[in-house]
Amino acid sequence: MSNTIENLFGIPGASAPIQVRERIDGIPAQAYPAVSAGYVFQLLLLKKLLRFLLGNPARRNAMLIGEPGVGKTSIVNEIASRLNIPVFSLACSGKTRFSHMVGGYEIVGGNTQWRDGPLVMAMRHGGIFLANEITRLDSGEQMNLAEVLDSRASITIPDTGEVVMADPNFRFIATGNSGGYGDDSGVYQGERISSVAFLDRFQVFKVGHMDATDEQALLQKLAPSLPVAIVEGMVKLAGEVRKNFVGRGGTLRVIMSTRSLCVWAMETVGYSKISGIVDSAREALLDTSLNGAPEDEASAVLEIWDRWVKEGA
Numbered sequence: 001m002s003n004t005i006e007n008l009f010g011i012p013g014a015s016a017p018i019q020v021r022e023r024i025d026g027i028p029a030q031a032y033p034a035v036s037a038g039y040v041f042q043l044l045l046l047k048k049l050l051r052f053l054l055g056n057p058a059r060r061n062a063m064l065i066g067e068p069g070v071g072k073t074s075i076v077n078e079i080a081s082r083l084n085i086p087v088f089s090l091a092c093s094g095k096t097r098f099s100h101m102v103g104g105y106e107i108v109g110g111n112t113q114w115r116d117g118p119l120v121m122a123m124r125h126g127g128i129f130l131a132n133e134i135t136r137l138d139s140g141e142q143m144n145l146a147e148v149l150d151s152r153a154s155i156t157i158p159d160t161g162e163v164v165m166a167d168p169n170f171r172f173i174a175t176g177n178s179g180g181y182g183d184d185s186g187v188y189q190g191e192r193i194s195s196v197a198f199l200d201r202f203q204v205f206k207v208g209h210m211d212a213t214d215e216q217a218l219l220q221k222l223a224p225s226l227p228v229a230i231v232e233g234m235v236k237l238a239g240e241v242r243k244n245f246v247g248r249g250g251t252l253r254v255i256m257s258t259r260s261l262c263v264w265a266m267e268t269v270g271y272s273k274i275s276g277i278v279d280s281a282r283e284a285l286l287d288t289s290l291n292g293a294p295e296d297e298a299s300a301v302l303e304i305w306d307r308w309v310k311e312g313a
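With UniProt numbering as the guide, the letters of the sequence shown map in order to residues 1 to 313.
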């Protein structure tokens, strides 16, 4: 069925038709992400990913890199939810093995049956295989994906010998913090240095934080009862913290992502209904971002917030 980009993604004037898929029989319902009505897209990244998913890209493999909480995973799920594209996800770590992606045998009713893993499911059905934090995967396991990532896009299942050719709509999307070149800052424990031969197979999109205007709009959708001045202060504080993040050469290990901002805003509203809490925004800031952080860093962030609140009073 057909729709328009404007209707699906809220881009004014984007009246071009866009094809929405029919759901595939036999695909678990949980493979189809749910739409988040208040989601705010980063426009340029959205356009690039729509071309990657629906056009004829030179590569069928993409890697989204960026700081924690910027929305690498969520933008994939939000696009897929509107286009009815199934997403088969796997969270990667140093213990993840190729077999976790491919599948394996299991006992069903006393009989041994093969069950496809998320990668093979995506290849068979033209879905998205979403490998979160792929840069934490052992480099040897990464190179087991070479056939999948090549233009032929095939996989030989070791246990059965079956050769699976990818459906033309299949897309391989990976996410990571470092982009596969390791982490000199020490912030991202578990990051590996990937083979250049592996990285060369990806189109790489850098995902940054939303601009302040979009973040304010998002928070106001999520927490409409918050005063505009509080929302502006939250976004401003996040910007200051990000500028001083150790991953950017600063001194703070605290990171205030869009994800944590959303939680802070919603918890501020929730805390305002709890008797005994005098300053719900301050209390929520502590619980959502600062408790557990190094004391000197948490105090520095809190001092900035307290000063702004006092100046605005």
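We treat Cβ as the ideally placed atom computed from N, Cα and C, and that holds for glycine.
Does the Cβ of Arg51 have 16 or more other Cβ atoms within 10 Å, making it buried, or fewer, making it exposed?
exposed
In the DSSP assignment, what are the bridge partners of Ala105?
Here residue 105 is Tyr; the residue named in the question, Ala, does not match the sequence. For Tyr105, which the question treats as bridged, DSSP gives the partners Trp114.
Glu311 to Gly233 span [Cα, whole Å]:
11 Å
For Val35, does the count of other Cβ atoms within 10 angstroms reach 16, so buried, or fall short, so exposed?
exposed
Please go through the same chain and pick out, in chain order, the residues whose beta-carbon is closer than 7 Å to the beta-carbon of Gln216, but skip the five residues on each side of it.
Val231, Glu232 and Val235
What first and last residue would you give for the alpha helix (DSSP H) that runs through Val35?
First-last for Val35: undefined, no H or E at that position.
Using DSSP's beta-bridge definition, name the partner residues of Pro17.
Thr4
Can you tell which of Asp287, Gln113 and Arg60 has the C-alpha that lies nearest to the C-alpha of Met266?
Asp287
Taking contact to mean at least 3 C-beta pairs separated by less than 8 Å, is the stretch 104–124 in contact with the stretch 75–94?
yes
For the pair the stretch 60–77 and the stretch 100–112, tell me if three or more CB-CB distances fall below 8 Å.
no
If you check the beta carbons only, do Ile75 and Leu45 fall under 8 Å apart?
yes
Neighbour-count burial assignment, Asn291, 16 or more Cβ in a 10 Å radius:
exposed
Who are the Cβ neighbours of Glu6 in its own chain at under 8 Å, not counting the five residues just before and after it?
Pro12, Gly13, Ala14 and Ser15
Within its chain, find whatever has a CB closer than 6 Å to the CB of Ala174; leave out the 5 residues flanking it on each side and keep chain order.
Met63, Ala131 and Ile134
Pull up the distance between the alpha-carbon of Glu283 and that of Val269, whole angstroms please.
11 Å
Quick one: residues in its chain with C-beta nearer than 7 Å to the C-beta of Arg23, no 5 flanking neighbours on either side, listed in chain order?
Tyr32 and Asn84
Residue interval of the alpha helix (DSSP H) (run including Val164)
Where Val164 is concerned, there is no enclosing alpha helix (DSSP H), although the beta strand (DSSP E) it sits in stretches over Val163 to Met165.
Candidates Tyr271, Lys221 and Leu302, of which the one nearest Gly38 by Cα
Lys221
Between the alpha carbons of Gly94 and Arg192, how many angstroms are there, rounded?
9 Å
Do you know offhand how far Ser2's Cα is from Arg82's?
12 Å
Mapping DSSP to helix, strand and coil, what is Met256?
coil
Quick one: residues in its chain with C-beta nearer than 8 Å to the C-beta of Met143, no 5 flanking neighbours on either side, listed in chain order?
Ser195, Ala197 and Phe198
Counting only the same chain and skipping the five closest in sequence on each side, list residues whose C-beta sits under 8 Å from that of Ala313.
Only weak support is given to the placement of Ala313: the predicted model assigns it a pLDDT of 44, under 50, and the question is left unresolved by the model.
Nearest candidate by alpha-carbon position, reference Gly180, set Leu137, Gln30 and Val278
Leu137
Hey, Trp114 and Gly103: beta-carbon distance below 8 Å or not?
yes
Segment limits, alpha helix (DSSP H) that includes Asn77
Lys72 to Leu83
Specify, as a first and last residue, the run of the beta strand (DSSP E) that Ser89 falls within.
Val87 to Ala91
For Asn132, which beta-bridge partners are listed by DSSP?
Ala91
Three-state secondary structure (DSSP) of Ala313:
The predicted model places Ala313 with a pLDDT of 44, which falls under 50 and marks its position as unreliable; any figure quoted below should be read in that light. Of the three classes helix, strand and coil, the one that applies to Ala313 here is coil, per DSSP.
Cα separation between Leu145 and Val40?
33 Å
The beta strand (DSSP E) with Gly176 in it runs from where to where?
Arg171 to Gly176
Integer-rounded CB distance, given that Arg124 should sit under 8 Å from Val163:
Actually they do not touch by this definition, with Cβ atoms about 12 Å apart.
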